[in-house]
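Encoded as structure tokens, the structure appears first; notes follow it.
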Amino acid sequence: MAKDGIEVRKIPGTHAGMLTEPSVRILAQQLKAAISLALTQDSGTKTASGGE
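Under full-length UniProt numbering, think of the first position of the sequence shown as 1, with each following residue one higher.
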């Protein structure tokens, strides 16, 4: 699941306030960047279903 480890990113705000502005905007930006990077790095690997 996390074959290369994990990366921790600090997002301002509290646990309860994570999904409110401005924290949610920062969270979304960080998630988008992390997903894009993961897709770029793993573009040649197969998924569990056998697809690419």
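From the three backbone atoms N, C-alpha and C, an ideal C-beta is built for every residue, glycine too.
Could you spell out where the alpha helix (DSSP H) holding residue i opens and where it closes?
| i | result |
| --- | --- |
| T40 | 23–41 |
So, under 8 Å CB-CB, residue i and residue j are touching, yes? Tell me the CB distance rounded to an integer number of Å.
| i | j | result |
| --- | --- | --- |
| L31 | M18 | That pair is no contact at about 12 Å. |
| I6 | S23 | Their Cβ separation, rounded to whole angstroms, is 20 Å, which puts I6 and S23 out of contact at 8 Å. |
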